[in-house]
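These notes concern the structure reproduced below.
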Amino acid sequence: MGKNNSCTEYFSSRLQERYIRARHRSGLTVCVIPRKSVTAYAVLGVNCGSIHNQFRPAGAEHFITVPDGTAHFLEHKLFAEPNGEDVTNRFAKLGTTPDAYTTPDATAYLFSGIDNIKESLAVLLDFVTHPYFTDENVERERGIIEQELRMYEDTPSQLGYYNLMEALYHNHPIRINVGGSVQSIRSITKETLYTFYHAFYRLSEMTLVIAGNITPEEVLAVCDAVLPDSFDAPCAERAPICEPPHIVRPMIRAKAQVAVPLVYLGVKEPEIDPDPVARMKKAAAVDIANDILFSNASKFFNDMYSEGLINARFGADFELSSEFSYVMLSAETSREEEFLDRVKNYIAERQQKHDITKAQFERCKRVMYACAVTAFESSEEIAGSCLSLVMDGGEMFADTDIMAELKIDDMFDALDSVYDPDRMAVSVVDPLDDDPR
Amino acid sequence: MKLFEKHLGAGITFRAIPKDIFKTDSLILCFSTPLEKKTAAVRAMLPPVLGRGCEKYPDLEKLSEHLDELYYANVDCRTARTGEVQTLTFSVRALETACVPEHEDVFLSAMETLAELMLHPLIEDGGFRNSYVDTEKKNAIDAIRSQISNKEAYATARCVDEMCADEPFGQCRYKTEDVEAVTPLTLYSAYLDVLAHAPVDIYYVGKRDPETLAEQVMTVFAGLLNRTGEILWNPSTTVLRAARHSLRRTEEDQPARQGKLIIGFRSGSILSDGDFYITALFNELYGGSPTSRLFLRVREEMSLCYYCSSGVDAAKGLMFVSSGIHPDRREEAEEAIFGQLADLAAGNISDEEFDEVKKSLCTGYRMLEDSASSLVSWYHARAAAGIDTSPDETAAQVMAVTKEQVAAAAAKMTPDTVFFMNATLAGEDGGEEEADDDGEE
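In order, the protein sequences belong to chains S and P.
Here the first sequence is numbered in the working numbering, starting from 10 and rising by one per residue.
Here the second sequence is numbered in the working numbering, starting from 1286 and rising by one per residue.
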């Protein structure tokens, strides 16, 4: 396995799958998921995203604040190469295709392809560890990102989502658009990007996941060739986020070009367990509760759908990271009040009666098991899911085991604690008054 | 790779795509119907109404409960169009037996459930259940009215409306009034029509023995297979090989912050020509990949947009270039888009870029082997076009294409219609209305 690289193999008897997790001597966490697929997919996750906008650079006395959208701007600009080209060209010569994305708490760089996977992996590790920003290339990117943000501004669901975050959170930077705003990105310079880069782009804070027909030995050999020998420094200290448990306001409204109003019901979850295993357990419990309460197999969904109160674009999601957590129900409905009353009463009744049956619970576990199995049909899906679990401090297979061992009372506990009516807020996107159509 | 193919009944063909890497088995039934203005809306209503329930599982709750018991077996009913063929697709996907803890054959049970939905719908007073038809009509109307929420898709659809106004392809983005007109009785008669007259292609992807599975399909779908097939539809697409007029322009205002530029071309190339892969390679080079001319020139160099890309329609012989831009920079963008096309048509293609896009297109084709649904789309499109090349074989053909062939494909493109959605709010900085309770800058 190369010098000083520690390595562990994990096997899931439930899924009959395995993966290998290693710590490269540079500090990089490496996960290899061997698959017989034609396609290989590799993703390098960095432990910083749009919410990490306040931090203390190494050696600095005070915390600094960077403009909204810095993490995302950096994600774009890391593709720039000193020869003036885009690193996409280096991948293209190898027949592979790169991409990247930024979330509130992570930034990820990836590629997929069939041939030249080791060579492409070397390019991935190389470009992410070698920034090249100039005044000129930063300026050029600004126009591109401005149009990207304009596109999101024209997307009503984005407006509804960010308004919900503003109704739920007072100070937490989850309120801020991942890409920032057209105004905020104007003040981003190459110095901003370098400061942010050196603060957070530390190998000790990065995770590489690769799924495909490749061995851990091959992957670590590429790491040995490209990455430094010594363990990287830790990343900058993040400013603590002081967020009160209560919400900002119960209702927020906006107008956009929609035919049917978009309604988002969010519940803020202030208590976040520092233990990743406890978080995985909670996520499993809430996911299963949401599925029983709101999936197509629920009486609730069937009734609401039949009555035309909701359509197929109704869903319930639970977000739980080490830094923020909320539940979000989303629906398209022209009978907003009735919809909200029904949902709230329904949840309150289930909390009071605890009348979810063992049969419903077990059936839902089958659903969760099937989802865990089918995730392994796609290199992209399984690598993405492994990355988020590992970056959150967990393990890929622990997730499936926790779900299998979950008790019905765990689910009731989650249902009672998460759906607190005092921490609910609603965001509505109404149609424009003077819609030209 | 040659597929297992078997004739199962009048106009009914079964094909098995043998793959051993999946953890699920998939079966897809495609009913091909002619795309016509008078029937498009009513036929599009069939999959959602049939998907609502059947005699045995009369509502979504009972149906979903049953499918969840079968380890989250997935049943999907939808409609799509390829050229001027409207396809009603009914598919089922379930864990393969080895992945089910009790080794129960959930796929077979899921196939039976799909057959129940398709062949034993809920009938009341000689038509489909009224309340189901009503809800699905409302959903369909909402979906039509909601198209504006996705500006790129909306602008592309508007370009098609304008460009193909005299062809069924441009007339069948059904209108709300077409949906309003659907009744339980007209829907049921459309259902009987489709069952009796539509050619059916059935695809299986997985590792089961195709011969045995074909037998099972014949048993499970017996009610469909024993039709007489005296009159079978033969849906086809009319292709204009070149634009019939000089470039037309249409624009409209929308309260948006980004303008949408869509340019529609007649490509003069379709799948059944046998050499469509040359056009596909041209597209990859022009605007179909992140090393394409449009991406590098219009986005990276000119910094005009976040996306500028092209896509080709293999059935109808069209190409659309699409970009989201500031309205003030529309002329610059158009000039660059047409300029790059002219440059390729003149044969100015470097060895390096040519090699890169060949690799990129071939990798894309070979990757289809990892997706059951992509393989079905691939083979179904080719079956309709009368060819049977696999993704791997097509990749090999692509590697042999010359620059001259690509330049010729570029030269064949004739611009037909430019649609511009003008953004009346483009001058405003977004975000103010969202930040009314504290200045977050």
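Yeah, the Cβ is synthetic: ideal placement off N, Cα and C, and Gly gets one too.
Self-check item: Cα-Cα separation between Leu1472(P) and Pro1700(P), rounded to whole angstroms
Solution: Residue numbering aside, residue 1472(P) sits at position 187 when the second sequence is read from its first letter. Residue numbering aside, residue 1700(P) sits at position 415 when the second sequence is read from its first letter. In this model, Leu1472(P) and Pro1700(P) are separated by some 39 Å (Cα to Cα).
Quiz item: Just the Cα atoms here: how many angstroms apart are Pro1540(P) and Thr1709(P)?
Solution: Indexing the second sequence from 1 puts residue 1540(P) at position 255. Indexing the second sequence from 1 puts residue 1709(P) at position 424. If you take the alpha carbons of Pro1540(P) and Thr1709(P), they lie about 5 Å apart.
Self-check item: Cut-off 6 Å between Cβ atoms - residues of its own chain near Thr1281(P), not counting five sequence neighbours on either side
Solution: Any property of residue 1281(P) remains undetermined from this structure, which presents chain P solely from 1286 to 1726.
Quiz item: Contact check, Val435(S) vs Val295(S) under 8 Å by CB: the rounded distance?
Solution: Taking the first sequence and counting its residues from 1, one reaches residue 435(S) at position 426. Taking the first sequence and counting its residues from 1, one reaches residue 295(S) at position 286. Cβ-Cβ separation between Val435(S) and Val295(S): approximately 19 Å, too far for a contact (criterion under 8 Å).
Self-check item: Same chain only: Cβ atoms within 7 Å of Gly393(S), ignoring 5 sequence neighbours per side
Solution: Against the first sequence, residue 393(S) aligns to sequence position 384. Hits under 7 Å: Val52.
Self-check item: Nearest residue (CA-CA) to Phe1307(P), options Ile1426(P), Leu1380(P), Ala1669(P)
Solution: Taking the first residue of the second sequence as position 1, residue 1307(P) is located at position 22. Closest option to Phe1307(P), Cα to Cα, is Leu1380(P).
Exercise. Could you tell me the distance, in whole angstroms, from the CA atom of Ser1607(P) to the CA atom of Cys1647(P)?
Key: On the second sequence, position 322 is the one that residue 1607(P) refers to. On the second sequence, position 362 is the one that residue 1647(P) refers to. Roughly 23 Å between the two C-alpha positions.
Exercise. Starting from the beta carbon of Gly3(S), find every residue of chain P whose beta carbon is closer than 7 Å, and list them in chain order.
Key: As displayed, chain S neither begins before 10 nor continues past 446, which places residue 3(S) out of reach and without an answer.
Quiz item: What does a CB cutoff of less than 6 Å around Pro147(S) pick up in its chain, not counting 5 residues either side in sequence?
Solution: Counting from one through the first sequence, the residue named residue 147(S) turns up at place 138. The amino acid occupying residue 147(S) in the given sequence is Val; Pro does not appear at that position. Within the same chain, Val147(S) has close Cβ partners Lys199.
Quiz item: Would you report the Cα separation of His1405(P) and Gly1296(P), rounded to the nearest angstrom?
Solution: As a position in the second sequence, residue 1405(P) is number 120, starting the count at 1. As a position in the second sequence, residue 1296(P) is number 11, starting the count at 1. The straight-line gap from Cα to Cα measures roughly 21 Å.
Practice problem: Put Tyr1591(P) into one of helix, strand or coil per three-state DSSP. | Solution: Here the question's residue 1591(P) lines up with position 306 in the second sequence. In the structure shown, Tyr1591(P) sits in a strand (DSSP, three-state: E or B).
Quiz item: Which of helix, strand or coil does DSSP assign to Met1698(P)?
Solution: Along the second sequence, one-based indexing puts residue 1698(P) at 413. Correct three-state label for Met1698(P): coil.
Quiz item: Exposed or buried, what is His363(S) when buried is set at 16 or more other beta-carbons lying within 10 Å of its beta-carbon?
Solution: Position 354 of the first sequence, counted from the start, is the residue given in the question as residue 363(S). Classification for His363(S): exposed.
Quiz prompt | Where the beta strand (DSSP E) through Gln1371(P) begins and ends | solution = By one-based count along the second sequence, residue 1371(P) stands at place 86. Residues 1370–1380.
Quiz item: Helix, strand or coil: how does DSSP classify Trp1486(P) here?
Solution: Counted from its first residue, the second sequence places residue 1486(P) at position 201. Looking at the sequence shown, residue 1486(P) is not Trp but Asp. Here Asp1486(P) carries a strand assignment [DSSP, helix/strand/coil].
Exercise. Kindly list, in the order they appear in chain P, the residues whose Cβ is closer than 8 Å to that of Phe385(S).
Key: The residue you call residue 385(S) lines up with position 376 of the first sequence. Residues of chain P whose Cβ lies closer than 8 Å to the Cβ of Phe385(S) are, in chain order, Lys1308.
Quiz item: Would DSSP call Asn1707(P) helix, strand or coil?
Solution: Within the second sequence, residue 1707(P) is the residue found at index 422, counting from 1. Secondary structure at Asn1707(P): strand, using DSSP grouped into helix, strand and coil.
Practice problem: Tell me, please, which residues DSSP counts as bridged to His1292(P). | Solution: Counting from 1 along the second sequence, the entry for residue 1292(P) is found at position 7. For His1292(P), which the question treats as bridged, DSSP gives the partners Thr1298(P).
Quiz item: On the three-state DSSP scale, how would you describe Arg34(S)?
Solution: Taking the first residue of the first sequence as 1, we reach residue 34(S) at position 25. Residue state, collapsed to three classes: coil.
Quiz prompt | Spatially closest choice to Ile1302(P) from Val1661(P), Leu1626(P), Asp1361(P), by CA coordinates | solution = Counting from 1 along the second sequence, the entry for residue 1302(P) is found at position 17. Residue Val1661(P) is the option with its Cα nearest to Ile1302(P).
Practice problem: Can you tell me which of the three DSSP states Gln1543(P) falls into? | Solution: Position 258 of the second sequence holds residue 1543(P). Coil at Gln1543(P), not helix or strand.
Exercise. List the DSSP bridge partners of Gly1491(P).
Key: The sequence position of residue 1491(P) within the second sequence is 206, counting from 1. For Gly1491(P), which the question treats as bridged, DSSP gives the partners Pro1303(P).
Quiz prompt | Short CB-CB distance (under 8 Å) between Ala1565(P) and chain S | solution = Position 280 of the second sequence holds residue 1565(P). No - not a single Cβ of chain S is within 8 Å of the one on Ala1565(P).
Quiz item: Going by the CB atoms, is the gap between Leu173(S) and Tyr273(S) shorter than 8 Å?
Solution: Residue 273(S) sits at position 264 when you count from the first residue of the first sequence. Residue 173(S) sits at position 164 when you count from the first residue of the first sequence. Yes, Cβ-Cβ distance for Tyr273(S) and Leu173(S) is below 8 Å.
Practice problem: Answer yes or no: does any C-beta atom of chain B fall closer than 8 Å to that of Arg149(S)? | Solution: The structure shown contains no chain B; its protein chains are S and P.
Practice problem: Measure from the C-beta of Leu1293(P) to each C-beta in chain S and report whether the shortest distance is under 8 Å. | Solution: Working through the second sequence from its first residue, we reach residue 1293(P) at position 8. False, the Cβ-Cβ gap to chain S never drops below 8 Å.
Quiz item: Thinking just about the alpha-carbon of each residue, which of Asp238(S), Pro107(S), Leu158(S) is nearest to the one in Arg195(S)?
Solution: Mapped onto the first sequence, residue 195(S) falls at position 186. Nearest option by C-alpha distance: Leu158(S).
Quiz prompt | Top-ranked residue by Cα proximity to Glu1569(P), from Phe1605(P), Leu1589(P), Lys1545(P), Leu1546(P) | solution = Counting from one through the second sequence, the residue named residue 1569(P) turns up at place 284. Here the closest residue by C-alpha is Phe1605(P).
Practice problem: Output yes if chain S places a C-beta closer than 8 Å to the C-beta of Ile1433(P); else output no. | Solution: Numbered from its first residue, the second sequence carries residue 1433(P) at position 148. So, interface residue.
Quiz item: Taking just the CA atoms, how far does Pro430(S) sit from Ser334(S)?
Solution: For this step, residue 334(S) is matched to residue 325 along the first sequence. For this step, residue 430(S) is matched to residue 421 along the first sequence. Distance between the alpha carbons of Ser334(S) and Pro430(S) is about 16 Å.
Exercise. Quick one: list the residues of chain S neighbouring Thr1420(P), beta-carbon separation under 9 Å, in chain order.
Key: Locating residue 1420(P) in the second sequence gives position 135, counting from the first residue. Per Cβ cutoff of 9 Å: Tyr314, Ser315, Glu316, Gly317, Asn320.
Quiz item: Is the region 202–220 of chain S in contact with the region 23–36 of chain S, if contact means three or more CB pairs nearer than 8 Å?
Solution: They touch, by the three-pair rule.
Quiz item: Since Val286(S) is in the alpha helix (DSSP H), which residue starts that stretch and which ends it?
Solution: Stepping through the first sequence from its first residue, residue 286(S) is reached at position 277. Start and end: 285–303.
Quiz prompt | Spatial distance of Arg1582(P) from Phe1705(P) (CA atoms) | solution = Mapped onto the second sequence, residue 1582(P) falls at position 297. Mapped onto the second sequence, residue 1705(P) falls at position 420. C-alpha separation (whole angstroms): 20 Å.
Quiz prompt | Short CB-CB distance (under 8 Å) between Glu1654(P) and chain S | solution = Stepping through the second sequence from its first residue, residue 1654(P) is reached at position 369. Interface annotation, Glu1654(P): in contact with chain S, CB-CB separation under 8 Å.
Quiz item: Apart from the five residues just before and just after Thr1576(P), which ones in its own chain have a Cβ nearer than 6 Å to its Cβ?
Solution: As a position in the second sequence, residue 1576(P) is number 291, starting the count at 1. Excluding residues within five positions, the ones whose Cβ falls inside 6 Å are Glu1641.
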